[in-house]
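*Asks:*
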Amino acid sequence: MELEVNNLSLYHTLECGQAFRWDKLHDGSYFGIVGKNAFLIYQKRERLEIISTIEDSINWAKIYFALDIDLERILRKIDTDEYIHTAIKSCSGLRILRQEPWETLASFILSSNNSIQNIKRMIKTLSQRLGSKIELNGHQGYSFPSPYSIVKNKGVVNTCRLGFRRDYLIETAEMITNGDIDLEGLRELPYKSLREKLFKLKGVGPKVADCVALFAFEKSESFPVDVWIKRILQKLYFSNKVVNDKKLYSFARKHFGRYCGYAQEYLYCYYRLKIPQEITSQKVGQEPKR
DNA sequence: GTCCAGGAGTGAT
DNA sequence: ATCACTCATGGA
130 MELEVNNLSL YHTLECGQAF RWDKLHDGSY FGIVGKNAFL IYQKRERLEI ISTIEDSINW
190 AKIYFALDID LERILRKIDT DEYIHTAIKS CSGLRILRQE PWETLASFIL SSNNSIQNIK
250 RMIKTLSQRL GSKIELNGHQ GYSFPSPYSI VKNKGVVNTC RLGFRRDYLI ETAEMITNGD
310 IDLEGLRELP YKSLREKLFK LKGVGPKVAD CVALFAFEKS ESFPVDVWIK RILQKLYFSN
370 KVVNDKKLYS FARKHFGRYC GYAQEYLYCY YRLKIPQEIT SQKVGQEPKR
């Protein structure tokens, strides 16, 4: 099926570190698993061509890529200085996806002190061993295992080489299957109380909670502070001085406004993916370890 | 061998 | 409240 899109770049959106389940194929298209379905998406300028295992992939794409969101309007609001302006111009078409809460939560629990490449490998291994196989046009993938499946198959989880994050994942899966927390029930909560609820889960601190809030619950005022954003903000806005995470968030929230989550993604995409040497070359704002 | 990666838990101040 | 340390794994 085909769909005309405005302000969407598959490359910027699928490779900026918010989703870990998309692979770029040799022809430039993307193959990925979302929920119980597989998708092959090819973008040519303003047109998406989608092959999938569901009927209405057009409607799916509108929801998943959040095409109902007026991106231009949001970008005008966060475009408050020359640095973010450059990032916005460079990463045009970067959108924040609407992702499923459990997989997002589990993925970012696994992201702790980890590399994107390794996070992808862990998610892939977990899915291959505990998920359901999904085939599409000669490609195959696996759905992400449910909390119940994680709890019931701890022995298998142990073989997935998750490192110290294994305990976090299993304990959080247990809390969910026990009914200690209802993920979907968090959807109605405002940002602050959503964060507090997520903190109760194992392996969920400020960064993971903010990623889940932003990528699964559409909390645009969430501003995840990871090592990269920390360096970027310190270099650009604090003259290379070391600043703690809380001050970085309060700065971002005030400086970029209630859509600061979008600012975070554009800064991350531009400075991390496009010109990382600008940030890493001087080890800006980092204390020398030991 | 050393350092780092989309951090969080723990225990000592 | 903040700080230093540690955690398992893979890649540069």
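Counting from 130, one number per residue, gives the positions in the first sequence under our numbering.
Each residue gets a CB set at the ideal place from its N, CA and C atoms; glycine is no exception.
Does the separation of the CB atoms of Val354 and Phe237 fall below 8 Å?
*Replies:* For the purposes of this step, residue 354 is taken as the residue at position 225 of the first sequence. For the purposes of this step, residue 237 is taken as the residue at position 108 of the first sequence. Judged by beta-carbon spacing, Phe237 lies beyond the 8 Å limit of Val354, meaning their Cβ atoms are not closer than that value.
*Asks:* Using beta-carbon positions only, say whether Ile187 and Leu132 come within less than 8 Å of one another.
*Replies:* Position 58 of the first sequence, counted from the first residue, corresponds to residue 187. Position 3 of the first sequence, counted from the first residue, corresponds to residue 132. The answer is yes: Cβ separation under 8 Å.
*Asks:* What residues in its chain sit with their C-beta under 6 Å from that of Arg401, if we drop five residues either side in the sequence?
*Replies:* In the first sequence, the residue the question calls residue 401 occupies position 272. Counting only Cβ-Cβ distances below 6 Å, and skipping sequence neighbours, we find Trp357.
*Asks:* Can you check whether the CB of Arg387 is closer than 8 Å to the CB of Glu347?
*Replies:* Within the first sequence, the letter at position 218 stands for residue 347. Within the first sequence, the letter at position 258 stands for residue 387. No.
*Asks:* Can you check whether the CB of Ala342 is closer than 8 Å to the CB of Leu323?
*Replies:* In the first sequence, residue 323 corresponds to position 194, counting from 1. In the first sequence, residue 342 corresponds to position 213, counting from 1. Against a cut-off of 8 Å, the Cβ pair of Ala342 and Leu323 comes out as a contact.
*Asks:* Taking buried to mean at least 16 other C-beta atoms within 10 Å of its own C-beta, is Gly267 buried or exposed?
*Replies:* By 1-based counting over the first sequence, the position of residue 267 is 138. Label assigned to Gly267: exposed.
*Asks:* Tell me, which residues are paired with Gln392 by DSSP?
*Replies:* Along the first sequence, one-based indexing puts residue 392 at 263. In the sequence on display, residue 392 carries Ala and not Gln. Answer by DSSP bridge pairing: none, since Ala392 is not bridged.
*Asks:* Just to check my reading of the structure: Leu223 and Tyr395 have Cβ atoms closer than 8 Å, yes? What is that Cβ distance to the nearest angstrom?
*Replies:* As a position in the first sequence, residue 223 is number 94, starting the count at 1. As a position in the first sequence, residue 395 is number 266, starting the count at 1. Their Cβ separation, rounded to whole angstroms, is 6 Å, which keeps Leu223 and Tyr395 in contact under 8 Å.
*Asks:* Is it the case that the Cβ atoms of Gln259 and Thr182 are separated by a distance below 8 Å?
*Replies:* As a position in the first sequence, residue 259 is number 130, starting the count at 1. As a position in the first sequence, residue 182 is number 53, starting the count at 1. The sequence given here places Leu at residue 259; Gln does not occur at that position. No. Outside cutoff.
*Asks:* Distance, Cα to Cα, Asp208 vs Val285?
*Replies:* Here the question's residue 208 lines up with position 79 in the first sequence. Here the question's residue 285 lines up with position 156 in the first sequence. Cα to Cα, the separation comes out at about 47 Å.
*Asks:* Helix or strand or just coil, what does DSSP make of Arg150?
*Replies:* For the purposes of this step, residue 150 is identified with residue 21 of the first sequence, where counting begins at 1. Looking at Arg150 - three-state DSSP - the assignment turns out to be coil, as it is neither helix nor strand.
*Asks:* Throw me the rounded Cβ distance for the Leu239 and Leu291 pair, which I believe falls under 8 Å.
*Replies:* Position 110 of the first sequence holds residue 239. Position 162 of the first sequence holds residue 291. So it is a contact: roughly 6 Å between Cβ atoms.
*Asks:* To which residues does DSSP link His268 through a beta bridge?
*Replies:* Numbered from its first residue, the first sequence carries residue 268 at position 139. Paired residues: Leu265.
*Asks:* With DSSP collapsed to three states, give me the class of Leu223.
*Replies:* Counted from its first residue, the first sequence places residue 223 at position 94. Of the three classes helix, strand and coil, the one that applies to Leu223 here is coil, per DSSP.
*Asks:* For Pro274, I'd like the list of residues in its chain whose CB is within less than 7 Å of its CB, leaving aside the five on either flank, ordered along the chain.
*Replies:* On the first sequence, position 145 is the one that residue 274 refers to. Spatial neighbours of Pro274 in its own chain (CB-CB distance under 7 Å, excluding positions within 5 residues in sequence) are listed in chain order as Leu255, Ser256, Leu259 and Gly260.
*Asks:* Hey, could you find the ends of the alpha helix (DSSP H) Ala195 is sitting in?
*Replies:* Here the question's residue 195 lines up with position 66 in the first sequence. That residue, Ala195, is in no alpha helix (DSSP H); it is neither H nor E in DSSP.
*Asks:* With C-beta atoms as the reference, is Ser219 less than 8 Å away from Tyr399?
*Replies:* Numbered from its first residue, the first sequence carries residue 219 at position 90. Numbered from its first residue, the first sequence carries residue 399 at position 270. Their beta carbons are under 8 Å apart, which means Ser219 touches Tyr399 by this criterion.
*Asks:* CA-CA distance, Ile408 and Tyr171?
*Replies:* Residue numbering aside, residue 408 sits at position 279 when the first sequence is read from its first letter. Residue numbering aside, residue 171 sits at position 42 when the first sequence is read from its first letter. Approximately 32 Å between the Cα atoms of the pair.
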